[in-house]
Each structure stands twice: as C-alpha cells, then as structure tokens.
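Asker:
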Amino acid sequence: MRILYIGEIVAKLGRKAVKEVLPSLISSDRIDLVIANAENLAHGRGANRQTLQEMLGAGVNYFTGGDHIFWQKDFEDYALEMPLVCPANYPEPAVGKTFGIIEQQEFKVVILNLMGRTFMNENFDSPFQKIDYLLNSVLPAGGVDSKKDFILVDFHAEASSEKVAFANYVDGRVGAVIGSHTHIPTADAQTLPQGTYFVTDAGMTGSADSVLGVKTDIILNKYLTARNQKFEWEEEGRAWFRSILIDTQTKMISRIDRLLSL
136 MRILYIGEIV
146 AKLGRKAVKE
156 VLPSLISSDR
166 IDLVIANAEN
176 LAHGRGANRQ
186 TLQEMLGAGV
196 NYFTGGDHIF
206 WQKDFEDYAL
216 EMPLVCPANY
226 PEPAVGKTFG
236 IIEQQEFKVV
246 ILNLMGRTFM
256 NENFDSPFQK
266 IDYLLNSVLP
276 AGGVDSKKDF
286 ILVDFHAEAS
296 SEKVAFANYV
306 DGRVGAVIGS
316 HTHIPTADAQ
326 TLPQGTYFVT
336 DAGMTGSADS
346 VLGVKTDIIL
356 NKYLTARNQK
366 FEWEEEGRAW
376 FRSILIDTQT
386 KMISRIDRLL
396 SL
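397 is the number that the working numbering gives the last residue of the sequence shown; the numbers go up by one with no jumps.
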C-alpha cells in the first residue's frame, strides 16, 4: 500500500498547491490513500466545512489536526461528520474523533493525532501515556489489531527532541510517526530499528515567499519592533507542496516535494 501524507496545508495558497499537484500525483505514483494535516486549512487558522470539502474534492481521503484545528467557531458542529481526527491527548471532554479507521482489503489503516508538550501547552495529557492507553485499550476495543493493521500517528509538536523520543517510544508498535507543527521540513525520513517509519517534520504546504505562511514584512516588523503584529497569510507567489510517501510493500519512506509558481 502507498500512503501519502501532505504536510500542513496553509491557507488559500496551500490549497491551490494541493489542487495543482495531488490529482496527477495520485495517478503517476499509484497513491492508495492520502492523509493531510488541516489545522491551518481555512485562512491559516483551523478548518471549516468548505475548505475540507475542497480538499476532499482534490483527492485527500482523511485529515489530521493540531492545536489550531479548533479555531473555527462552528467546528464542533461538523467535526464528527468529517473524515478528520483531532489530537487525542486534549483533556476531556474531547472534541471530534480521537482516531480514524480506513478499511482496506487485508488490513485497516488507523490514523491518530497527538500533541507534544515541550514548549507548548503542558496542560495536554502526556502523549506517551496516551498512546499506551490508545494502543492497549481504546483501539483493541474498536477492532484494531496493532500487529496486523497499519497505525499512523501525526505527532504535532514543537521540539524535535520530543518527536524523536516519541517515535522511539512507539517503534515497532505503530506503522509510522510523522511530525508536524513547525512548518519546516526535515531530511531525516527513515525506518527505525523495530520497523516504524519516521520523519521529524513533514513541513508545510503553502507559500514559499513568506515566513511560515505569513507575509514576510509582517514578521520582519515583529522582530524589528518587538511588538505583536496582526498576521496576514501570503496568497500570491510561489508555493511548496510538501509530502511524505510510505510504501508498505517495499518498506520505504521518502519525501515528495514540489516548488510551484501559482
């Protein structure tokens, strides 16, 4: 099976990049399943029904989130009906689905989303303890066989050290750990000793001529004046399409990146 994970789709330019690249990529690279991080999908903050439907129309099958996924005020109205998983280690009561299951002919693909705590919000439940609970209790109760089914974890965290530590903690117990949140891609796609595929950060799908998707002059003013600025997302110019390809048959993980002029 060939699974494509698309790094955080940021605002309008990110969505344009997906629509430009994904349909032909699915065909040329024989992609069976597309998962995308949607936490910045709707104008750089959260995901609404319209933008999720737009990406489903482009070929995305399932979405993950992060700390911004709850940004849209009516998110709770459609969170459960959309093919979207939210971070499972938010304190109860949780909003949205904490895991997603996609049935395949021979096995299930299970999608999880967890938040890191280092340099973020330490009120999150421990992702290390939460993954144990999910693997040992919640998923088996939902009919998941961790030895047979493919479990992909989107680990949304700031610190690369926490991402590496988490990946090693679950090595051999999940199929893949893909890091997200920093918007900066890393070049360390690898298979860990016990067989888990891992990359520290998939990066961002969005503006290449910006600072993490935000208009460059705004961020420069923030640094030069030490004053907060109102963010505006770059909607013109070049865009990156950032993604990770996992082939469970050949047991390979690799990057697929495209720089586009839109």
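The C-beta atom is built at its ideal place from N, Cα and C for all residues, glycine as well.
This structure is a prediction, so every number in the text was calculated from the model and none was measured.
Measure how close the beta-carbons of PRO127 and ASN248 come, nearest whole angstrom, since I'm counting them as under 8 Å.
Answerer: For residue 127 there is no data in the structure shown, the boundaries of the chain being 136 and 397.
Asker: Among the candidates VAL299, ILE246, VAL245, LYS232, whose CA atom is the shortest distance from the CA of PHE263?
Answerer: Position 128 of the sequence shown, counted from the first residue, corresponds to residue 263. Of the candidates VAL299, ILE246, VAL245, LYS232, the one whose C-alpha sits nearest the C-alpha of PHE263 is VAL299.
Asker: Tell me the residue span of the alpha helix (DSSP H) that contains MET190.
Answerer: Locating residue 190 in the sequence shown gives position 55, counting from the first residue. That run of the alpha helix (DSSP H) goes 184-193.
Asker: Locate the alpha helix (DSSP H) running through ARG150, then write down its first and last residues.
Answerer: Residue mapping note: residue 150 aligns to position 15 of the sequence shown, counting from 1. Element bounds for ARG150: 146-163.
Asker: When you compare the CB positions of LEU394 and TRP375, do they come within less than 7 Å of one another, or not?
Answerer: Along the sequence shown, read from residue 1 onward, the residue named residue 394 stands at position 259. Along the sequence shown, read from residue 1 onward, the residue named residue 375 stands at position 240. Taking 7 Å as the Cβ cut-off, LEU394 and TRP375 qualify as a contacting pair.
Asker: Ignore the nearest five residues each way along the sequence and tell me which others in ALA131's own chain have a CB closer than 7 Å to its CB.
Answerer: Lying outside 136 to 397, the shown extent of the chain, residue 131 is not represented and no answer is given.
Asker: Does DSSP put TYR213 in a helix, a strand or coil?
Answerer: For the purposes of this step, residue 213 is taken as the residue at position 78 of the sequence shown. Correct three-state label for TYR213: helix.
Asker: Kindly indicate which three-state DSSP category GLU176 falls into: helix, strand or coil?
Answerer: Mapped onto the sequence shown, residue 176 falls at position 41. Here residue 176 is Leu; the residue named in the question, Glu, does not match the sequence. Residue state, collapsed to three classes: coil.
Asker: Classify GLN384 as helix, strand or coil using the three-state DSSP reduction.
Answerer: Counted from its first residue, the sequence shown places residue 384 at position 249. Residue state, collapsed to three classes: coil.
Asker: Starting from the C-beta of TYR225, find all residues in its chain whose C-beta is less than 8 Å away, skip the five residues before and the five after it, and write them out in chain order.
Answerer: Residue 225 sits at position 90 when you count from the first residue of the sequence shown. So the list reads MET250, PHE259, ASP260, once near-sequence residues are dropped.
Asker: Which ranges does the alpha helix (DSSP H) cover as unbroken runs of at least 4 residues, wholly within the region 232-282, from first to last along the chain?
Answerer: The qualifying runs are 262-268.
Asker: Whole angstroms are fine: how far does the CA of ILE166 sit from the CA of ARG252?
Answerer: Position 117 of the sequence shown, counting from 1, holds the residue named residue 252. Position 31 of the sequence shown, counting from 1, holds the residue named residue 166. Rounded to whole angstroms, ARG252 to ILE166 spans 33 Å at the Cα level.
Asker: Along the chain, where does the alpha helix (DSSP H) that runs through TYR304 open and close?
Answerer: The count along the sequence shown starts at 1 and reaches residue 304 at position 169. Start and end: 295-305.
Asker: For THR340, decide whether its Cβ has a neighbour in chain D, counting only Cβ atoms nearer than 7 Å.
Answerer: Annotation note: the requested chain D is absent from the structure, which comprises a single protein chain.
Asker: Suppose contacts are defined by Cβ-Cβ distances below 7 Å. Is PHE333 in contact with ALA302 by that definition?
Answerer: The residue labelled residue 333 in the question sits at position 198 within the sequence shown. The residue labelled residue 302 in the question sits at position 167 within the sequence shown. The answer is yes: Cβ separation under 7 Å.
Asker: Between GLU257 and ILE379, what straight-line distance do the alpha-carbon atoms span, to the nearest angstrom?
Answerer: Numbered from its first residue, the sequence shown carries residue 257 at position 122. Numbered from its first residue, the sequence shown carries residue 379 at position 244. So the two alpha carbons sit approximately 29 Å from each other.
Asker: In or out: VAL199 buried (at least 16 other Cβ within 10 Å) or exposed?
Answerer: Stepping through the sequence shown from its first residue, residue 199 is reached at position 64. The residue asked about is misnamed: residue 199 is Thr in this sequence, not Val. Looking at its Cβ environment, which holds 16 or more other Cβ atoms inside 10 Å, THR199 is buried.
Asker: What does the alpha-carbon distance come out to for the pair ILE353 and ASN271?
Answerer: Working through the sequence shown from its first residue, we reach residue 353 at position 218. Working through the sequence shown from its first residue, we reach residue 271 at position 136. So the alpha carbons of these two residues sit roughly 46 Å apart.
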